[in-house]
Amino acid sequence: MPVIKLSGEIKTNNYGFNKLIEFYYRCLNYSNVNISIDLYSLRWMDANLSAFFQSIIYKLIRERNLSFSTDKTFVDNRFSVLRRNGFLNFDEPIEDNRESTVGLKMFDSKECNNFDHYIQNDLLNHRSLCDKTDLVENITDNLLEVFNNYQIHANTQDPVFVCGQYFPNRSNGEVNFTMVDLGVGFLDLISAKDPNIDTSVKAIRWALIEKNTTKSITHNGEPGGLGLYDLYQYMKDNNGILEIITGDVYWTSKHQGTKFDSYKTLLRPYIGTTINLVFNCN
Amino acid sequence: METFNVVDFIGTNRAISHSDGEKLFSVLSKMDLSKYQIIFDDLSTATTAFLNASIGKLIVTTGIKANNFNYSVTSQRIRSKILRVMANAENYEYSDGVIDVTLENI
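Chain order of the listed sequences is A and C. Residue numbering for the first sequence follows this note's numbering, starting at 1 and increasing by one per position. Residue numbering for the second sequence follows this note's numbering, starting at 1001 and increasing by one per position.
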């Protein structure tokens, strides 16, 4: 049985995505076998990245007929969050006494109402948000816009994978939320609209400009170009973070206005689009 | 003047899906809008995807001016979105994805 190791820290940054994408490519060397995932050297994994990891597992099961296993006892002791949120859900889910997790789920593109229900009940029902009506409405609006982008632009029959995590003890009481689709990503449609857009980072930047939309290709006569722009502006105005992973690029709004680059080129590309949102809840 | 209640039509006060917007468009585009007031009053939320697919597309494809679109909405939040979608739709042909000089600043 092949063994593939994940080690170190897997956080929501270019290093973390590189590690998970490398795991995907290593698994592609196999088919019709069970792969043991070695987590003994893993020190940390952001729980919201369960959505990205699950999308990888989903693809590999479907395309390579792989199955996966890992040391349950070790995971229970070291990474219980990955059981509480439903990712490594071996038997019955254990109770989330810390109330810090948001369940890992997947939705197909017709399940907008189910996604809305999940947002209201799993994500925004947290005790730290109960008296913050405006924030809850803004988070709802923003997440629904991202879901609609998946519905309209991803052009895939595959589901979207979502997962979140509360960090109530951080100074800004943040909520991290990750949405992963396995669709066409940004570049192909945008470069079809404007051939000058020939890299994923240019495509991301183009898509973040108000009124820029590819709907004339997919939904003729229908205006657009507000949802992602509004989300970007909301995050900038409210000390949140928007991160986009598509093609071979990890882009973040975190470094806007600083000398640091807003994007990193990933070691290898990954299909679709991943949106990670960090909401400032204070 | 007759009224057309959006909540009654889509069957929910959450106007969130693109497909509900398309259904609304298919009905509104066949109506004589000069005889109707469109009621958005009871909505608790509305996405730009829903509004673009309904009233945005209506403005683009029928040429109706936003000023002539008779509607009622109580939520300031949704009113603001409707106004943005309408303004964007009225400028549709001019917002057709020309790369901007600010691109490198993002």
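Ideal placement from N, C-alpha and C gives every residue a C-beta, glycine not left out. Source: prediction; values computed, not measured.
- The alpha helix (DSSP H) runs of length 4 or more contained entirely in the region 141–168 of chain A do not exist; there are none.
- Chain-order list of chain A residues neighbouring K1023 of chain C: empty, with the shortest C-beta distance near 13 Å, by a criterion of under 7 Å.
- Per DSSP, reduced to three states, the secondary structure at V180 of chain A is strand.
- Taking a Cβ-Cβ threshold of 7 Å, the residues of chain A close to G1056 of chain C are E222, P223, in chain order.
- At least one beta carbon of chain A lies nearer than 7 Å to the beta carbon of A1053 of chain C.
- Counting along the chain, S191 of chain A sits inside the alpha helix (DSSP H) bounded by residues 187–193.
- Per DSSP, reduced to three states, the secondary structure at N114 of chain A is helical.
- Following the DSSP letters along the chain, one finds S36 of chain A in no alpha helix (DSSP H) but inside the beta strand (DSSP E) bounded by residues 34–38.
- In chain A, no part has a C-beta under 9 Å from the C-beta of I1038 of chain C; the shortest such distance is about 18 Å.
- With a beta-carbon spacing of about 6 Å, N142 of chain A and Y234 of chain A fall inside the 8 Å limit used to define contacts.
- N276 of chain A is bridged by DSSP to A:T178, A:E243.
- Taking the C-beta atoms as reference points, T273 of chain A is found nearer than 7 Å to T246 of chain A.
- F115 of chain A and F107 of chain A have their C-alpha atoms spaced approximately 7 Å apart.
- A straight line joining the alpha-carbon of P269 of chain A with that of N196 of chain A spans about 20 Å.
- Of all residues in the region 1056–1071 of chain C, those with a C-beta nearer than 7 Å to a C-beta of chain A are G1056, K1057, V1060, T1061, reading in chain order.
- By DSSP's assignment, E9 of chain A forms a beta bridge with A:W44.
- Taking all protein chains shown into account, H153 of chain A has 16 or more neighbouring C-beta atoms within 10 Å of its C-beta and is therefore buried.
- Taking 7 Å as the threshold, the shortest C-beta distance from I152 of chain A to chain C falls below it.
- Going by beta carbons, F68 of chain A and I21 of chain A fall outside the 7 Å limit.
- Here the alpha carbon of Q151 of chain A sits roughly 11 Å from the alpha carbon of D158 of chain A.
- Interface with chain C (7 Å Cβ-Cβ cutoff): C130 of chain A is excluded.
- Not flagged as an interface residue toward chain C: C281 of chain A, since no C-beta distance is shorter than 7 Å.
- Here S1075 of chain C has L1043 as same chain residues with Cβ atoms under 7 Å from its own Cβ, once five neighbours each way along the sequence are excluded.
- Judged by DSSP secondary structure, S1044 of chain C falls outside any beta strand (DSSP E); it is assigned neither H nor E.
- Per DSSP, G224 of chain A is not a residue of any alpha helix (DSSP H), being assigned neither H nor E.
- Residue environment analysis places G257 of chain A among the exposed positions, since fewer than 16 neighbouring C-beta atoms fall within 10 angstroms of its C-beta.
- Residue pairing by DSSP places S69 of chain A opposite A:S36 in a beta bridge.
- Going by C-alpha positions, T156 of chain A is about 38 Å away from D131 of chain A.
- Rounded to whole angstroms, the Cβ separation of T178 of chain A and L49 of chain A is 6 Å, and the two are in contact under 8 Å.
- Not one beta carbon of chain A lies nearer than 7 Å to the beta carbon of T1074 of chain C.
- Secondary structure note for G1021 of chain C: its alpha helix (DSSP H) is the uninterrupted segment 1018–1028.
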